[in-house]
Amino acid sequence: MHQDGQEVFRIIHPEDAASVAASIEESARKLTPWQHQARMRLASGDYHWFESDSVPERQADGSVLWYGQFNDIQPFKDLEFSLRESEAEFSFQAGFQKLIARLSSDFISRGFGNIDLSINRVLEAIGQFFEVDRAYLYRFSEKRTEMTNTHEWSRDGVESLIDTQQQVPIDTFAWWHRQVELMIRENRVVFIEDVAALPDEAGPEKALLTEQGVCSMFCVPVRTRGMVSGFFGVDSLSHRVWRTDQADLLIIVSGLLSGALERHRLEEELLNQSIRDPLTGLHNRRYFYPRLDEMIALWQREQQPFALAMFDIDHFKAINDTQGHLAGDYVLREFTGILLEQTRAMDVVARYGGEEFVVAFSATDPQAATAQVSRIIEKVRGYDFLFDGNKISVTVSAGVAGTGGEGAGNLTPEQLIGDADDRLYEAKQSGRDCFADISGPSRI
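First residue of the sequence shown: 355, per our numbering; consecutive thereafter.
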């Protein structure tokens with residue numbers, strides 16, 4: 355039966371119409387069989403995939419007539435789509451597992467002190483894998499009253515927010531505060547599918563996220579020492595359809611970050627145990643010598659002066675023998691407090707051994723250092739050392755050495771400490787409760 359082909363086009367899916375027309379034109383031009391697949395609308399209004407199978411024949415008037423049929427191939431298409439989805443899902447899962455394995459290996463292989471670089475690599479890799487616009491890590495303050503963005507990756511052209519997200523008070527955002535509480539108490543993931551659809555109570559949060567360009571986001575808790583210490587999150591600046599298992603996948607990433615942070619914490623604890631004195635909390639010789647090497651290198655390179663003072667608590671053995679070792683420990687800790695109070699953060703204070711302490715005064719000439727040493731000695735002399743209600747008489751002696759003089763270009767830590775120790779001996783020989791420098795003993 356001869357019919358106008360437009361009747362067929364009325365039921366072809368709009369997205370397939372162009373390809374159908376092109377295939378028909380080619381079949382008419384070459385008089386080759388017309389075989390094509392397209393979606394066609396059924397009487398119910400649903401679309402099914404059909405396949406044409408027909409042979410063209412040129413008519414006397416120049417038109418073309420096709421003889422053939424349409425076959426419903428929807429069951430085959432369903433199977434094809436299912437197989438494609440399975441293949442794509444398998445490829446995705448394999449890629450994700452490979453990524454996690456690589457990032458885990460990166461954490462393990464990187465030496466101590468590279469935690470920040472490793473976290474930044476994780477955020478970049480995850481951000482690119484999930485095609486988000488930002489990936490970030492926040493840490494809570496000890497009392498969980500503030501949150502700070504410690505690490506962030508942003509896609510090219512996307513504004514970084516890390517500088518504006520430092521020590522942000524959590525309780526200024528009531529709705530978000532409740533989400534954080536749920537995150538902490540129930541280890542719950544926070545998912546905002548559409549920022550524009552946030553409830554009225556989340557007005558401040560909605561305004562801030564809108565200002566930041568965020569359309570949707572995920573936040574997953576991160577744990578250290580078994581407690582939620584922060585969260586890992588990703589932002590999308592455009593509307594998107596997230597995977598149904600997106601939260602589960604991000605929890606795996608969060609677990610990776612949690613493990614790396616916990617390992618870093620343990621490494622820091624071990625390091626501190628090896629470079630800190632357990633009684634006073636001060637650094638020990640293992641830490642002090644490399645810092646002294648750095649000061650010497652800075653002096654030799656840029657002539658930045660520094661000075662070294664060695665302190666010794668006078669008659670400390672007598673304190674232990676008469677008052678007991680607990681009283682001696684008390685004196686050591688109190689003297690530590692005085693040293694830290696009378697020095698700057700840029701100075702290096704260490705317990706050298708027993709009742710001996712050493713201070714490296716950074717960017718300080720020997721004259722200024724002797725003035726500071728004098729103040730420390732005076733502070734100790736006037737300090738009330740009270741243990742179990744009993745006052746303990748405590749004084750200290752000190753020896754001071756510094757940059758300058760002969761051989762300054764060949765300074766070594768051993769030479770400086772030797773000079774300071776020799777002058778400390780001079781101070782003790784001069785009656786204690788004083789200091790000695792290159793000029794000799796000086797009593798305050």
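Glycine included, every Cβ here is placed at the ideal spot set by N, Cα and C.
| Query | Result |
| --- | --- |
| Option in L652, R412, K431 with minimal Cα separation from P387 | R412 |
| Spatial distance of Y641 from S628 (CA atoms) | 9 Å |
| For T502, the three-state DSSP class (helix, strand or coil) | strand |
| Helix, strand or coil at K745 according to DSSP, with G and I counted as helix | strand |
| Exposure of Q738, with buried meaning 16 or more beta-carbon neighbours within 10 Å | According to the sequence provided, residue 738 is Asp. The question's Gln does not apply to it. That one is exposed. |
| Through-space distance from G708 to G342, alpha-carbon basis | This structure cannot speak to residue 342, because the chain is shown only from 355 to 798. |
| Alpha-carbon to alpha-carbon, E439 and Q389 | 26 Å |
| Three-state secondary structure (DSSP) of V418 | strand |
| Supposed contact pair A528 and E555 - C-beta distance, whole angstroms, cut 8 Å | 7 Å |
| Among R579, V574, T518, the one whose alpha carbon lies nearest that of L562 | T518 |
| CA nearest to the CA of L457, picked from R509, R475, A442 | R475 |
| Reference L604, options P429, E441, R542, closest by Cα | R542 |
| Outcome for G511 when other beta-carbon atoms lying within 10 angstroms are tallied against a minimum of 16 | exposed |
| Limits of the alpha helix (DSSP H) - the one that Q654 falls within | 639-656 |
| Whole alpha helix (DSSP H) elements within the stretch 520-604, 4-residue minimum | 528-540, 557-565 |
| Identity of the residues DSSP links to I427 by a beta bridge | In DSSP, I427 forms no bridge with anything. |
| Close-in-space but distant-in-sequence residues of the same chain around G810 (CB under 6 Å, 5 per side omitted) | Only positions 355 to 798 of the chain appear in the structure, and residue 810 is not among them; the question remains open. |
| Delimiting residues of the beta strand (DSSP E) encompassing S406 | 401-412 |
| Segments of 3+ residues assigned as beta strand (DSSP E) that fall wholly inside the stretch 646-726 | 661-667, 702-707, 710-715 |
| Local conformation of H618 per DSSP, three classes | helix |
| S796 - partner residues in DSSP beta bridges | F789 |
| The stretch 697-715 in contact with the stretch 662-680 per 3-pair CB rule at 8 Å | yes |
| 8 Å Cβ cutoff met for R797 and C788 | yes |
| Burial state of V595, where buried means 16 or more other Cβ atoms lie within 10 Å | exposed |
| Opposing strand residues paired with H390 [DSSP bridges] | S406 |
| As assigned by DSSP and simplified to three states, the class of I366 | strand |
| Cα-Cα separation between P553 and R509, rounded to whole angstroms | 29 Å |
| Buried versus exposed call for I473 [16 or more other C-beta atoms within 10 Å across all chains shown] | buried |
| Nearest-angstrom Cβ-Cβ length linking L636 and A704, presumed shorter than 8 Å | 6 Å |
| Residues near L610 in its chain [Cβ-Cβ closer than 8 Å; skip 5 each side] | I454, L457, S458, F461, V476 |
| Under 8 Å between C-beta atoms of W653 and L770 | no |
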